[in-house]
Amino acid sequence: MAKADIGLIGLAVMGQNLALNINDHGYQLVAYNRTPAKTEAFMAGEAKDTAIRAAYSLKELVGQLTSPRRIMLMIKAGKPVDLTIEALLPLLDKGDIIIDGGNSHYPDTIRRTQMLHENGIGFIGTGISGGEEGARFGPSIMPGGNPAAWPHMKSIFQSIAAQVDGEPCCQWIGAGGAGHYVKMVHNGIEYGDMQLIAEAYHFMHLGLGMTHHEMQQTFAQWNEGVLQSYLIEITADIMAAKDTDGTPLLEKILDTAGQKGTGTWTALSALEQGMPLTLISEAVFARCLSALKDARLSAGEIYAFKIQAYSGDRATALAQLHDALYASKIISYAQGFMLMQQASAVYEWQLDQGNIALTWRGGCIIRSRFLNDIKAAYQQNPELENLLLDDFFVRAIKTALPGWQQTIQSALGMGIAIPAFSSALSFFYGYRTSRGSANLLQAQRDYFGAHTYERIDHPRGEFFHTDWINEQ
């Protein structure tokens, strides 16, 4: 029997769907799960009548693969990945390749890439986005790690990835932990997008008194324009869903949001890199606040506050909300790309921002028409410092600004919390301000800690200290 092209370890839903996707594209795959019953069920069910083979031990899996062996891990991030690599190493030869397709933290990927390189094994840490459907029919794939391993996986990954305008949503991201870092930032932007849409829903429902049918129609209409995206599309579907009693299912769902940590990783990395990822951080904190359900119920009783209904023209308010959502979305992506640009410099990854936008245009959760504009901005100027300095986005922000400002004023006046919208506007105000208030912060730091300061009438890099008490 001919040897197989690739092995896959881990047969949860994502692993199964990815295996079927690889099989559909003509590659011979061997599947393994540490629980034999899981492998048996897969082979008797979803994989029945396919060319997928089964293995019931790591040794059997390795023995069925052509050289250089390519083994993809679709298992839980963290210690399970290290334990599986440790078990595989004695079975592999120099030049073989391990691919981690889970949501691993990028420092782990940096460490694993180096360790395996020292053992003669190639390693690819790849972010995969698109959920179960994406894994089955075409995800966005963000590979990084050892560049020498990429040519051995390029044809497989680019064939199974989503395709947009004839281009695969899979491009080499960079060395070390670059692939998992970019996937992490993708998830952070996803947090921001979701929070913005949730705040828009709250404004429509509580402030404008819109029915779920009216909201469904609005989101569906928005999905035909500049806001077209997967998340807007599914929000329209959610608005249309009914419970068994015929009432909107959405209102039966408890208002506490879960999280798996990638948004937090993004916010923490932003702090480490000194990048102001304000909107994404607020989106993470909004989920944390949502989890305080009992405390919020108590506070609601104590303050007995009621949302004040909007008294103006609804059509005008919706147009302003549309612009606020669009402008805030621009800020979310601008912040995400700022962070990746900084990390690229720190870790010497040489990230191609245009390629990243290309990779995200299809298959992934944040796929949208908007990413074509980002791709075009970086194609026009690969050294673009910030999306907010690109002509297209400058025009977009200037056009949307009045509606953005009015939406926030209206929401706060009605008592509706909109932390993501508000933080996005505050960031924009701060970014466009040529002289801010940090001069006072630096004076305070020098006063109590002798941290020194720079002067506007001297060259940058010259530092001064003042004895503030005796200067009065």
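Under the working numbering, the letters of the sequence shown match residues 60 to 531, in that order.
We put the beta carbon where it would ideally sit given N, CA and C, even for glycine.
- Under DSSP, Lys319 shares a beta bridge with no residue.
- Around the beta-carbon of Cys347, fewer than 16 other beta-carbon atoms lie within 10 Å, marking it exposed.
- In this structure, Phe344 is the residue among Gln401, Phe344 and Asn431 with its C-alpha nearest to the C-alpha of Ile477.
- Nearest to Tyr392 by C-alpha distance, out of Thr337, Leu308, Ala502 and His524, is Thr337.
- The beta carbons of Gln75 and Ala110 sit no closer together than 8 Å.
- Taking C-beta separations shorter than 6 Å and ignoring five residues to either side along the sequence, the partners of Tyr91 in its chain run Ile68, Ala114 and Leu120, following chain order.
- If you look at Leu175, you'll find it in the alpha helix (DSSP H) that goes Tyr165 to Glu177.
- Shortest Cα-Cα distance from Leu290 to any of Ile215, Asp314 and Gly190 involves Gly190.
- Per DSSP, the unbroken beta strand (DSSP E) holding Tyr91 starts and ends at Leu88 to Tyr91.
- Going by DSSP, Ile215 is part of the alpha helix (DSSP H) stretching over Trp209 to Ile219.
- Take Thr294, set aside five residues on each side of it, and the residues of its chain with a beta-carbon closer than 8 Å to its own are Ile256, Tyr260 and Phe278, in chain order.
- Sequence-distant Cβ neighbours of His239 in its own chain, meaning closer than 6 Å and more than five residues away, are Ser163, Tyr165, Thr168, Gly184 and Gly186.
- Secondary structure at Ala483: helix, using DSSP grouped into helix, strand and coil.
- Inter-segment contact for the region 323-340 and the region 223-237 is absent: fewer than three beta-carbon pairs are separated by less than 8 Å.
- Asp224: not part of any beta strand (DSSP E); DSSP gives it neither H nor E.
- Contact between Glu341 and Ala479 holds: CB atoms are separated by about 5 Å, below the 8 Å threshold.
- Straight across, the Cα-Cα distance linking Ala329 with Gly104 is about 44 Å.
- Beta-carbon to beta-carbon, Thr418 and Cys229 are separated by about 6 Å, close enough to satisfy the 8 Å threshold.
- In terms of Cα proximity to Leu132, the closest of Gly66, Cys423, Asp83 and Ser126 is Gly66.
- Distances from the alpha-carbon of Lys319 to those of Ser481, Gly137, Ala208 and Ser126 put Gly137 closest.
- In the three-state reduction of the DSSP assignment, Ser370 falls in the coil class, being assigned neither a helical nor a strand state.
- Relative to the Cα of Tyr406, the nearest Cα in the group Ile528, Glu226, Gly413 and Glu331 belongs to Glu331.
- The alpha-carbon of Ala237 is positioned some 36 Å away from that of Arg504.
- Note that the region 248-255 does not touch the region 460-469; fewer than 3 beta-carbon pairs, one per stretch, sit closer than 8 Å.
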